[in-house]
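Quick notes on the structure that follows.
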Amino acid sequence: MRISTKCSIALHCLILISEYENKVKVTSELLAKSTGCNSAAVRSILNALQKAELISVVRGIGGAHLSKNPESITIWEVYHALEPDGLEHFIGFHPNPSAQCPVGRRIGSVLKKPYTQIGDAVRESMQEITLQQLLDDYRCMDEM
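Quick note: the sequence shown uses the UniProt record's numbering, first residue 1, plus one each step.
The structure is reproduced here in structure tokens:
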């Protein structure tokens with residue numbers, strides 16, 4: 001019952017790309033060092049972000065660049081790029097309730113509506129938070 005760490009890694013990468021894309025070549029190796037992940041995992045995340053048109057990656061000499069303004073990239077877009085049906089399983093049902101038990105027979109139906117409401121609330125919250133807000137928070141850390 002948690003959001004995949006891929007989302008946090010992707011947001012980390014997007015902040016680094018946004019801050020440094022015009023200063024250094026932002027490669028999967030650089031992002032791997034910063035995130036503490038292996039470069040293959042970072043490349044997989046970058047591929048998903050590129051498919052979602054959030055970044056562009058120029059192989060060879062180019063590096064990674066944002067394709068959209070940070071104000072228009074939401075956490076939801078990032079999450080959805082990595083986990084297209086992730087909120088469907090945001091809170092998991094236990095897989096084998098007993099069909100002989102009156103509660104076991106009905107628990108899926110009983111929990112479907114509240115779990116859908118929780119997933120919708122999470123999605124709505126994620127749609128309200130932008131990469132720009134995260135960048136602003138990151139930059140405030142320098143002032144402390």
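Cβ coordinates follow ideal geometry from the N, Cα and C atoms, glycine included.
Since we're looking at a predicted model, the values are computed, not measured.
- A direct Cα-Cα distance of roughly 30 Å separates Ser4 from Val103.
- For Ser67, the three-state secondary structure derived from DSSP is coil.
- Per DSSP, the beta bridge partners of Thr130 are Thr74.
- The three-state secondary structure of Ile118, taken from DSSP, is helix.
- Residue Asp85 holds the alpha-carbon nearest to the alpha-carbon of Thr116 among Asp85, Gln133 and Glu128.
- Taking a C-beta distance under 8 Å as the contact criterion, Leu49 and Ser18 do not qualify as a contact pair.
- Taking 8 Å as the cut-off, the Cβ atoms of Thr27 and Cys13 do not count as close.
- Distance between Gln100 and Pro114, taken at the CA atoms: about 24 Å.
- At a Cβ-Cβ threshold of 8 Å, Gly63 and Lys23 do not count as neighbours.
- Val110 carries a helical assignment under DSSP once its states are collapsed to helix, strand and coil.
- For Val42, the number of other beta carbons within 10 angstroms of its own is at least 16, and it is reported as buried.
- Here DSSP, grouped into helix, strand and coil, assigns Ile61 to coil.
- For Ser56, the three-state secondary structure derived from DSSP is strand.
- The three-state secondary structure of Asp85, taken from DSSP, is coil.
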